[in-house]
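Novice:
Protein chains: 2
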Amino acid sequence: MSFTPPVNAIGYLLRHGVRLDDINSQGEFEEASPDLLDAILGGAADFARDVIAPTNWDGDQHPATLKDGDVTASPGFKDAYAQFVEGGWQTVSLPSEIGGMGLPSAVSVATNEMIYAANMALGLCPMLTSSAIKAIETHASETLKDTYLPKMLAGEWTGAMCLTEPQAGSDLGPVRTKAEDRGDGTYAITGQKIYITWGDHDCADNIVHLVLARLPDSPEGSRGISLFLCPKYLVGDDGSLGERNDFRAIGLEHKLGIHGSPTCVMEFDGATGYLVGEVDRGLASMFVMMNEARLFVGVQGVAIGERAYQAALHYAHERVQGVPPGHEPGAPIIDHPDVRRMLIDMKAKLMGARTICFATAEAADLGDLAREGLLTPIAKAFGSDTGVDVASIAVQVHGGMGFVEETGAAQHYRDSRIAPIYEGTNGIQAIDLIGRKLRRDGGEAMRALISDLREAVTSVKDASGRDDVDLSVCAAAVERGLETLATATDIVLNATEVDALGVATTYLELCGKIVGGSLLAKAVARGLLAGDPQSAAMASLARYHALRIMPTADGLLESIRAGADAVYDFPRDQLADL
Amino acid sequence: MSFTPPVNAIGYLLRHGVRLDDINSQGEFEEASPDLLDAILGGAADFARDVIAPTNWDGDQHPATLKDGDVTASPGFKDAYAQFVEGGWQTVSLPSEIGGMGLPSAVSVATNEMIYAANMALGLCPMLTSSAIKAIETHASETLKDTYLPKMLAGEWTGAMCLTEPQAGSDLGPVRTKAEDRGDGTYAITGQKIYITWGDHDCADNIVHLVLARLPDSPEGSRGISLFLCPKYLVGDDGSLGERNDFRAIGLEHKLGIHGSPTCVMEFDGATGYLVGEVDRGLASMFVMMNEARLFVGVQGVAIGERAYQAALHYAHERVQGVPPGHEPGAPIIDHPDVRRMLIDMKAKLMGARTICFATAEAADLGDLAREGLLTPIAKAFGSDTGVDVASIAVQVHGGMGFVEETGAAQHYRDSRIAPIYEGTNGIQAIDLIGRKLRRDGGEAMRALISDLREAVTSVKDASGRDDVDLSVCAAAVERGLETLATATDIVLNATEVDALGVATTYLELCGKIVGGSLLAKAVARGLLAGDPQSAAMASLARYHALRIMPTADGLLESIRAGADAVYDFPRDQLADL
Chain P
48 MSFTPPVNAI
58 GYLLRHGVRL
68 DDINSQGEFE
78 EASPDLLDAI
88 LGGAADFARD
98 VIAPTNWDGD
108 QHPATLKDGD
118 VTASPGFKDA
128 YAQFVEGGWQ
138 TVSLPSEIGG
148 MGLPSAVSVA
158 TNEMIYAANM
168 ALGLCPMLTS
178 SAIKAIETHA
188 SETLKDTYLP
198 KMLAGEWTGA
208 MCLTEPQAGS
218 DLGPVRTKAE
228 DRGDGTYAIT
238 GQKIYITWGD
248 HDCADNIVHL
258 VLARLPDSPE
268 GSRGISLFLC
278 PKYLVGDDGS
288 LGERNDFRAI
298 GLEHKLGIHG
308 SPTCVMEFDG
318 ATGYLVGEVD
328 RGLASMFVMM
338 NEARLFVGVQ
348 GVAIGERAYQ
358 AALHYAHERV
368 QGVPPGHEPG
378 APIIDHPDVR
388 RMLIDMKAKL
398 MGARTICFAT
408 AEAADLGDLA
418 REGLLTPIAK
428 AFGSDTGVDV
438 ASIAVQVHGG
448 MGFVEETGAA
458 QHYRDSRIAP
468 IYEGTNGIQA
478 IDLIGRKLRR
488 DGGEAMRALI
498 SDLREAVTSV
508 KDASGRDDVD
518 LSVCAAAVER
528 GLETLATATD
538 IVLNATEVDA
548 LGVATTYLEL
558 CGKIVGGSLL
568 AKAVARGLLA
578 GDPQSAAMAS
588 LARYHALRIM
598 PTADGLLESI
608 RAGADAVYDF
618 PRDQLADL
Chain L
48 MSFTPPVNAI
58 GYLLRHGVRL
68 DDINSQGEFE
78 EASPDLLDAI
88 LGGAADFARD
98 VIAPTNWDGD
108 QHPATLKDGD
118 VTASPGFKDA
128 YAQFVEGGWQ
138 TVSLPSEIGG
148 MGLPSAVSVA
158 TNEMIYAANM
168 ALGLCPMLTS
178 SAIKAIETHA
188 SETLKDTYLP
198 KMLAGEWTGA
208 MCLTEPQAGS
218 DLGPVRTKAE
228 DRGDGTYAIT
238 GQKIYITWGD
248 HDCADNIVHL
258 VLARLPDSPE
268 GSRGISLFLC
278 PKYLVGDDGS
288 LGERNDFRAI
298 GLEHKLGIHG
308 SPTCVMEFDG
318 ATGYLVGEVD
328 RGLASMFVMM
338 NEARLFVGVQ
348 GVAIGERAYQ
358 AALHYAHERV
368 QGVPPGHEPG
378 APIIDHPDVR
388 RMLIDMKAKL
398 MGARTICFAT
408 AEAADLGDLA
418 REGLLTPIAK
428 AFGSDTGVDV
438 ASIAVQVHGG
448 MGFVEETGAA
458 QHYRDSRIAP
468 IYEGTNGIQA
478 IDLIGRKLRR
488 DGGEAMRALI
498 SDLREAVTSV
508 KDASGRDDVD
518 LSVCAAAVER
528 GLETLATATD
538 IVLNATEVDA
548 LGVATTYLEL
558 CGKIVGGSLL
568 AKAVARGLLA
578 GDPQSAAMAS
588 LARYHALRIM
598 PTADGLLESI
608 RAGADAVYDF
618 PRDQLADL
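Here the protein sequences line up with chains P and L, keeping their order. 48 is the number of the first residue of the first sequence in the working numbering; add one for each residue after it. 48 is the number of the first residue of the second sequence in the working numbering; add one for each residue after it.
Okay, structure coming up:
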C-alpha cells in the first residue's frame with residue numbers, strides 16, 4: 048500500500064491554475080520562483096511517500112490508545128511526526144516574520160494535499176496546529192504569542208480546538224463550559240468537550256488547546272462565548288514546561304475511519320486558561336481560522352480521493368479478469384472500457400475539485416476576501432463530497448477485493464467519509480454559500496466570479512488549436528455552464544429564504560461542477576499559451592470534464608427550479624410510513 | 048437501534064405497482080388475496096422488527112468466528128434463524144408442489160426487503176438457500192431433489208454457492224477446482240474457493256454447497272465447468288446425517304461491512320460431490336438462479352437504504368441544533384430545510400428503486416422473460432447504488448454522530464457497500480444490460496418497456512385531479528424522461544461496441560432514474576383510480592421524483608452522447624501522473 052503523489056499534475060495546476068506572478072508581485076510572500084516550487088513540491092512528495100505513507104495502514108489497524116488520561120498515538124506516528132517537525136513542514140505558508148517559510152497558501156495547498164493523502168489521520172494534527180497558530184497570531188496577547196508561537200511554528204507543540212459539546216455542534220451557541228476569572232490574569236475552565244481531534248497524544252512535548260467557554264455573567268447564546276488558551280503543560284516565564292494542567296482525555300471515540308486520529312472526550316476540571324481576544328467574542332476569534340480550516344478539509348477530500356484513485360489504478364494494471372474487447376487474453380482490467388471510464392472519471396473529478404481549492408487559496412493570497420469567502424464553502428463541500436465519491440469508485444474498481452479490509456481500498460472509503468461532516472457539515476457549507484456569501488451581497492461576488500470565468504472562455508478559445516490541442520468542447524461547455532450557473536444564481540437570489548435553503552446543497556453541487564470545469568479549462572489554456580508540454584494530456588482531462596461532468600449541472604438547475612415546495616410537499620408525519 | 052419496516056408504503060407499491068390480478072389469474076400461484084397479503088406483510092414486519100432487527104448490531108460488533116474448521120455465527124443469530132425456520136419464511140415464494148407457500152415473487156420481494164433491512168448479514172443466509180434450491184430444483188436428479196430439497200425448503204439445511212476462486216471472479220472461465228469421477232456416481236472435488244458467503248456456520252444442521260469445478264478432460268474456459276452438490280455432512284439413504292464431508296472453512300475475511308455474514312475461504316480436499324445438470328454445463332445451470340439472486344441484491348440495496356433512512360429520520364426528530372427558520376428554539380433539525388430535503392430525497396430515491404424491484408419480480412411472475420432479463424441488471428445495480436447513496440445521506444443527517452460507530456449509521460453505510468459488488472459488479476450489470484439485454488435483441492425489450500410506460504402516461508393524466516391530487520408534473524416528467532431514455536437507447540444501439548461499453552454504466556443509471564420515476568407515477572395513478580386513500584402522500588413522493596430526480600437524467604444523456612472517445616482520450620501511461 049505505497050503511495051506516490053502525482054506531483055506533476057499538482058504542479059501543473061499550481062503553475063497555471065494560480066496567478067503566482069500576481070501573488071509574487073504583491074511582495075507579501077517569499078518569491079515562489081519555479082525552481083523553489085519544484086524543490087518544495089518534490090521534497091513534499093518524497094517526504095509524503097517515504098515517511099508518512101508507510102504509517103497509514105498501521106494507524107487504521109492500531110488506533111490510538113488511552114490509559115490513565117494519556118493518549119498514545121498509533122505505531123510509527125511519533126517517529127513520522129518528528130521527521131515532519133525536523134523538515135519544517137509546519138511552516139510552509141506561515142509568514143516569515145514569525146519564522147515561517149512565508150510562501151503563499153496555494154503552495155501549502157499543494158504540499159498539504161500530499162501529506163493528507165499519505166496519512167489523513169496523521170495529517171490532521173498539523174492542520175489543527177496551523178489553525179491554532181492563526182487564531183493566536185491574530186487575537187492573542189503579545190505575551191501569549193511570544194510564549195507559544197515559536198514552539199508551535201516549529202511543530203514541537205501541537206494545537207487542538209475544543210469547540211463541540213454534546214448539545215453544541217453545528218450551532219455553538221449553547222456551549223456550557225464555564226470560565227471563571229481568577230483575578231490573576233488566568234481563568235479556571237470547567238466542562239466537557241467532545242470530538243476533540245488530536246486532543247491528546249504523545250507525539251509532541253506540549254499541546255495547546257483553544258477552548259470555547261462562557262463567563263458567569265456573559266449573555267446566553269453565541270454572543271456570550273469567549274476563547275481561552277489551555278496548554279497541556281503550563282509554561283514558565285523562561286519557556287520551560289511546568290506542571291500538568293487540570294484537563295484530561297477521558298474517552299476516545301470508536302469511529303468509522305481516520306482511526307489513527309485520536310478523537311478525544313476532554314474533561315476540563317478547573318484548568319488554567321488564558322483569554323484570547325476579547326471577552327464574549329470567542330466565536331468571532333474562531334472565524335479567522337475557519338476559512339483556512341474549511342479549505343484544508345476540501346483539500347483532504349481531494350487528497351484521500353487521490354490516494355484511493357492511485358490504489359485503484361495500480362490494481363487495474365495488475366488484475367486480469369475476462370478478455371477486454373480488442374485485447375488478447377491476459378490483458379489487465381484497465382483495458383475494459385468500464386474500468387477505464389471509472390479511472391478517468393475519478394481523475395477528472397479530482398482535478399476539478401483541486402482547481403477550486405487552488406482558486407480559494409489564490410483568493411486568500413491576493414487578499415480578495417469576497418472571492419475567498421465565496422469559494423471556501425464550495426472548496427470544502429465539493430472537495431469532500433468528491434473525495435467520498437472517488438473513494439467509493441475506487442472500491443468498485445477493486446471488486447470483491449475492495450470490500451476486504453486488507454486491500455486498503457476500504458480504509459480510504461471509510462476515512463473519506465468524515466470530511467463532509469467536520470469543520471461544518473456540507474449542509475452548513477451550502478447554507479453559508481447561499482446566505483452569507485450569495486444573498487447577503489446580492490450576488491456581487493458570484494457575478495464577479497462568473498464574469499472572470501466568462502473572460503477565461505476567450506483565452507480557452509485563443510489557446511484551442513495551439514500545438515494541435517483542441518479545447519473547443521471546453522469553450523462550449525464553459526459558456527453553457529456559466530449560463531446555467533448564472534440562471535441558478537438568479538433563482539437562489541430571488542427565492543424566499545425557505546426555497547433558497549431547500550435547494551442550497553443542490554446549488555453548491557452545481558457550482559462545484561461548473562466552477563471546477565471552468566477553472567480546469569482556464570488552467571489548461573494558460574498552460575498551452577505558456578508552452579507547457581504537459582498541456583496536451585491535461586487538455587484531454589478538461590475535455591472529459593466538459594463532455595461528461597459539466598453537462599450534469601443542467602439537471603441540477605431543473606431541480607433548483609422546483610424550490611422547497613417539492614421538499615415540503617410530503618406530509619411530515621408520514622415520513623416514517625404512509 | 049430498533050427498526051420498524053414501512054409496511055404501508057411497501058404494501059402500497061405491491062398493490063398498485065404490480066399487476067397482482069394478472070398474476071393471480073394465471074393460476075400458477077396461490078391466490079394473493081388482499082387479506083392474505085396484509086397478513087403476510089404484517090407478519091413479516093413483526094418478525095423483522097421483533098426477532099431479526101435486534102441481532103443486527105451484535106452481528107456487526109461480533110463477527111462470526113472460526114476454530115478448527117468450524118464457524119460459529121454471531122451472538123443471537125442461531126436463535127433468530129431458528130425462528131425464521133419455524134415461521135416458514137424460507138418458503139414464501141417457493142412453489143406449493145414442493146412445499147412452499149407458492150406466492151408470487153413480488154410478495155417475497157416485499158417480505159425479504161423487511162428481513163434484509165432488519166439484518167442484511169443474516170438475511171444473506173436464506174437468500175443463498177433460495178438460490179441453491181432453484182438450481183437443484185431445475186437441474187438436479189430426482190434423487191438429489193428428494194434428498195435435499197425438503198430440508199432446504201424448511202430452512203433446516205442452508206445453501207452456499209462456491210463459485211469464486213482468486214483468479215476467477217467476474218469471469219468464472221478460469222475456475223481451476225478439480226472434479227474426478229469416482230465411477231460410483233460421485234465425484235471427488237479438490238480446490239480452494241474464496242468469498243463463500245455463509246460457507247460454514249452453526250445455525251443449521253447441514254449446509255448444501257453448490258460447487259463449480261472442472262473435470263480432467265473438460266475444455267478450458269467457461270464451457271468446461273460443471274456444477275456439483277457437496278453437503279457438509281453426507282446424507283444416508285434414510286435421510287440421516289452421516290460423516291463430515293472433506294471440505295472445511297480455512298479462513299474468514301475481515302470485511303468493511305456485513306460482519307455478521309461469515310465470508311469463508313473453503314478448502315475442498317477430495318470432497319464428495321454429486322453432479323447437478325450436465326457435465327460442462329455448470330455455468331448454464333447457475334444462470335437459472337442468477338436473475339433471482341441479482342434481483343434480491345437490488346432489494347438488499349433498497350432494504351439497507353430504508354433502514355438507514357429510518358435511523359436518520361428518528362435522529363432528525365430528536366436532535367435539536369440551531370433554530371430552523373420559522374420555528375421556535377427547541378425545534379428539531381428535521382425542520383431545517385436542508386435536513387428535510389435529505390430525508391425526502393432518500394425516501395423518493397428508495398421508492399423509485401423499489402418500484403423497479405417489484406416490476407422485475409412482476410415480469411418473472413408473469414413469465415415475461417425478456418422484461419425480467421431487461422430489468423434485472425437495472426434492479427440489481429440501481430437498487431444497490433441507491434442503497435449506498437441513501438446510507439451515505441443518512442450518515443450526513445447524523446452529523447458527527449454519524450461517524451461514531453456506536454450510533455449505528457456507519458454500519459449501514461459499511462454494509463450497503465457490498466451490494467454494488469457481489470452477484471456481478473454493477474459494471475458487469477451495465478455490460479449485461481447494454482449487451483445481452485439491449486443490443487442482442489436490437490432494443491426490442493427496451494422499446495416494449497418504453498411503450499408500456501408511455502401508455503401509463505395516459506393513466507397518470509387520467510388520474511391527475513382525482514381527489515384533488517395533481518399528477519401533472521409527473522405526466523410531464525415521464526413523457527420527457529421517456530424521450531430521453533428512447534434517445535439514449537438509440538445511441539447505445541447504434542454505437543460501436545467500445546462506445547457502448549464506455550457509456551454502459553451511465554446508461555444504466557439513466558434507465559434507473561427514468562424507469563423508477565415512471566413506475567412510481569404509474570403506481571400512484573393506479574392507486575388513485577382504485578381510491579386508495581394513501582395515494583395523496585404517495586403522489587407527493589412521485590412529484591418530488593419528477594421534479595428533482597428524473598430531470599438529472601438529461602445530463603446523463605449528454606454524457607452518453609460523448610461516447611468512449613472521452614474515456615480513451617487521456618493517455619493510458621499518464622494516468623498515474625502527467
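Cβ coordinates follow ideal geometry from the N, Cα and C atoms, glycine included.
Measure the alpha-carbon distance for residue 449 of chain L versus residue 467 of chain P and round it to whole angstroms.
Specialist: One-based indexing of the second sequence puts residue 449 of chain L at position 402. One-based indexing of the first sequence puts residue 467 of chain P at position 420. Rounded to the nearest angstrom, the two C-alpha atoms are 11 Å apart.
Novice: Nearest chain P C-beta to residue 301 of chain L closer than 8 Å, yes or no?
Specialist: The residue you call residue 301 of chain L lines up with position 254 of the second sequence. So, interface residue.
Novice: Nearest chain P C-beta to residue 435 of chain L closer than 8 Å, yes or no?
Specialist: Your numbering for residue 435 of chain L matches position 388 in the second sequence. So, interface residue.
Novice: Does the count of Cβ pairs from the stretch 179 to 190 of chain L and the stretch 120 to 133 of chain L closer than 8 Å reach three?
Specialist: No, they do not touch.
Novice: Contact between the stretch 346 to 357 of chain L and the stretch 419 to 431 of chain L: three or more CB pairs below 8 Å?
Specialist: Verdict: yes, contact present.
Novice: Taking beta-carbon pairs under 8 Å, can you tell me which members of the stretch 444 to 471 of chain L lie near chain P?
Specialist: Hits within the stretch, in order: 446, 447, 449, 450, 451, 452, 453, 457, 460, 461, 464, 465, 467, 468, 469.
Novice: Just to confirm the assignment, what range does the alpha helix (DSSP H) spanning residue 473 of chain L have?
Specialist: The sequence position of residue 473 of chain L within the second sequence is 426, counting from 1. Where residue 473 of chain L is concerned, the enclosing alpha helix (DSSP H) stretches over 473 to 479.
Novice: Please list the residues of the stretch 234 to 245 of chain L that have a C-beta atom closer than 7 Å to any C-beta atom in chain P, keeping them in chain order.
Specialist: The residues in question are 242.
Novice: Less than 8 Å between CB atoms is the rule here; does residue 336 of chain P satisfy it with respect to chain L?
Specialist: If you number the first sequence from 1, residue 336 of chain P lands on position 289. Judged by the 8 Å Cβ criterion, residue 336 of chain P is not in contact with chain L.
Novice: Tell me the rounded alpha-carbon separation between residue 638 of chain P and residue 506 of chain P.
Specialist: The requested residue 638 of chain P is not part of the displayed model; chain P covers only 48 to 625.
Novice: With three or more beta-carbon pairs closer than 8 Å as the criterion, would you say the stretch 388 to 400 of chain L touches the stretch 558 to 572 of chain L?
Specialist: As far as the Cβ criterion goes, the stretch 388 to 400 of chain L touches the stretch 558 to 572 of chain L, which means the pair count is three or higher.
Novice: Less than 8 Å between the C-beta atoms of residue 312 of chain P and residue 368 of chain P, yes or no?
Specialist: As a working mapping, residue 312 of chain P is identified with position 265 in the first sequence. As a working mapping, residue 368 of chain P is identified with position 321 in the first sequence. The answer is no: Cβ separation not under 8 Å.
Novice: Which two residues bound the contiguous beta strand (DSSP E) that contains residue 318 of chain P?
Specialist: Locating residue 318 of chain P in the first sequence gives position 271, where the first residue counts as 1. Taken as a continuous stretch (DSSP letters only), the beta strand (DSSP E) holding residue 318 of chain P covers 310 to 323.
Novice: Apart from the five residues on each side of it in sequence, which residues of its chain come closer than 7 Å, Cβ to Cβ, to residue 283 of chain L?
Specialist: Translated into positions along the second sequence, residue 283 of chain L becomes position 236. If we look at residue 283 of chain L and ignore the five residues flanking it on each side, its Cβ neighbours are 289.
Novice: Thinking just about the alpha-carbon of each residue, which of L:587, L:529, L:610, L:586 is nearest to the one in residue 591 of chain P?
Specialist: Numbered from 1 along the first sequence, position 544 holds the residue referred to as residue 591 of chain P. The shortest Cα separation from residue 591 of chain P among L:587, L:529, L:610, L:586 belongs to L:610.
Novice: Quick check on residue 306 of chain P: buried or exposed, where buried means 16 or more other Cβ atoms within 10 Å of its Cβ?
Specialist: Position 259 of the first sequence holds residue 306 of chain P. Residue 306 of chain P should be labelled buried.
Novice: Any Cβ of chain P within less than 8 Å of the Cβ of residue 585 of chain L?
Specialist: Within the second sequence, numbered from 1, the residue matching residue 585 of chain L stands at position 538. It does; some Cβ of chain P falls within 8 Å.
Novice: Short check: CB of residue 626 of chain P to CB of residue 255 of chain P, under 8 Å?
Specialist: With chain P covering 48 to 625 only, the question about residue 626 of chain P has no answer from this structure.
Novice: Check each candidate in P:532, P:510, P:533, P:514 and name the one with the smallest Cα separation from residue 522 of chain P.
Specialist: For this step, residue 522 of chain P is matched to residue 475 along the first sequence. Residue P:510 is the option with its Cα nearest to residue 522 of chain P.
Novice: Could you please give me the residues that DSSP links to residue 228 of chain L through a beta bridge?
Specialist: Taking the first residue of the second sequence as 1, we reach residue 228 of chain L at position 181. The partner list for residue 228 of chain L (beta bridge, DSSP) reads L:234.
Novice: Give a yes or no on whether the C-beta atoms belonging to residue 35 of chain L and residue 574 of chain L are separated by under 8 Å.
Specialist: Residue 35 of chain L cannot be examined here, being either before or after the span of chain L that is shown, 48 to 625.
Novice: Is residue 604 of chain P buried or exposed, if buried means 16 or more other CB atoms sit within 10 Å of its CB?
Specialist: In the first sequence, counting from the first residue as 1, residue 604 of chain P sits at position 557. It is buried - the Cβ of residue 604 of chain P has at least 16 other Cβ atoms within 10 Å.
Novice: Which residues of the stretch 377 to 402 of chain L have a Cβ closer than 9 Å to any Cβ of chain P? Give them in chain order.
Specialist: Against chain P - using a Cβ distance shorter than 9 Å - the residues of the stretch 377 to 402 of chain L are 380, 381, 382, 383, 384, 385, 386, 387, 388, 389, 390, 391, 392, 394, 395.
Novice: Please compile the residues from chain P whose C-beta is within a distance smaller than 9 Å of the C-beta of residue 591 of chain L.
Specialist: Locating residue 591 of chain L in the second sequence gives position 544, counting from the first residue. Ordered by position in chain P, the residues that pass the 9 Å Cβ test against residue 591 of chain L are 609, 613, 614, 616, 617.
Novice: Mind checking residue 62 of chain P: buried by the 16 CB within 10 Å criterion, or exposed?
Specialist: The residue you call residue 62 of chain P lines up with position 15 of the first sequence. With 16 or more other Cβ atoms within 10 Å, it is buried.
Novice: Assuming residue 356 of chain P and residue 333 of chain P make a contact with CB atoms under 8 Å, what is their CB distance in whole Å?
Specialist: Working through the first sequence from its first residue, we reach residue 356 of chain P at position 309. Working through the first sequence from its first residue, we reach residue 333 of chain P at position 286. With 8 Å as the limit, residue 356 of chain P and residue 333 of chain P do not qualify as a contact, their Cβ atoms being about 33 Å apart.
Novice: Examine chain L for any beta-carbon lying closer than 8 Å to the beta-carbon of residue 538 of chain P, and answer yes or no.
Specialist: Translated into positions along the first sequence, residue 538 of chain P becomes position 491. Not one chain L Cβ lies under 8 Å of residue 538 of chain P.
Novice: Tell me the rounded alpha-carbon separation between residue 422 of chain L and residue 364 of chain L.
Specialist: Locating residue 422 of chain L in the second sequence gives position 375, counting from the first residue. Locating residue 364 of chain L in the second sequence gives position 317, counting from the first residue. Near 36 Å, if we compare the C-alpha coordinates of residue 364 of chain L and residue 422 of chain L.
Novice: Which residues in chain L have a C-beta closer than 8 Å to the C-beta of residue 212 of chain P? List them in chain order.
Specialist: Here residue 212 of chain P refers to the residue found at position 165 when the first sequence is read from its first residue. Ordered by position in chain L, no residue passes the 8 Å Cβ test against residue 212 of chain P, which lies about 11 Å from the chain.
Novice: In chain order, what residues of the stretch 471 to 491 of chain L put their CB closer than 8 Å to some CB of chain P?
Specialist: Listed by position, the residues of the stretch 471 to 491 of chain L near chain P (Cβ gap below 8 Å) are 472, 473, 474, 477, 478.
Novice: Looking at the C-beta of residue 259 of chain L, does it have a partner C-beta in chain P at a distance below 8 Å?
Specialist: Within the second sequence, the letter at position 212 stands for residue 259 of chain L. Output row for residue 259 of chain L: interface = no.
Novice: Tell me whether the beta-carbon of residue 550 of chain L lies closer than 8 Å to the beta-carbon of residue 539 of chain L.
Specialist: Stepping through the second sequence from its first residue, residue 550 of chain L is reached at position 503. Stepping through the second sequence from its first residue, residue 539 of chain L is reached at position 492. It is a contact, given that the beta carbons lie within the stated cut-off.
Novice: Run through the stretch 189 to 265 of chain P for me and flag every whole beta strand (DSSP E) of 3 or more residues, listed as ranges in chain order.
Specialist: With a minimum length of 3 residues, the continuous beta strand (DSSP E) runs that stay inside the stretch 189 to 265 of chain P are 204 to 209, 225 to 228, 234 to 244, 253 to 260.
Novice: Flag residue 49 of chain L as yes if its beta-carbon sits less than 8 Å from any beta-carbon of chain P, otherwise no.
Specialist: Taking the second sequence and counting its residues from 1, one reaches residue 49 of chain L at position 2. No, residue 49 of chain L does not count as interfacial toward chain P.
Novice: When the Cα of residue 317 of chain L is compared with those of L:228, L:341, L:247, L:370, which residue comes out closest?
Specialist: In the second sequence, the residue the question calls residue 317 of chain L occupies position 270. If we check each option's Cα against that of residue 317 of chain L, L:228 comes out closest.
Novice: On the three-state DSSP scale, how would you describe residue 280 of chain P?
Specialist: Here residue 280 of chain P refers to the residue found at position 233 when the first sequence is read from its first residue. Of the three classes helix, strand and coil, the one that applies to residue 280 of chain P here is strand, per DSSP.
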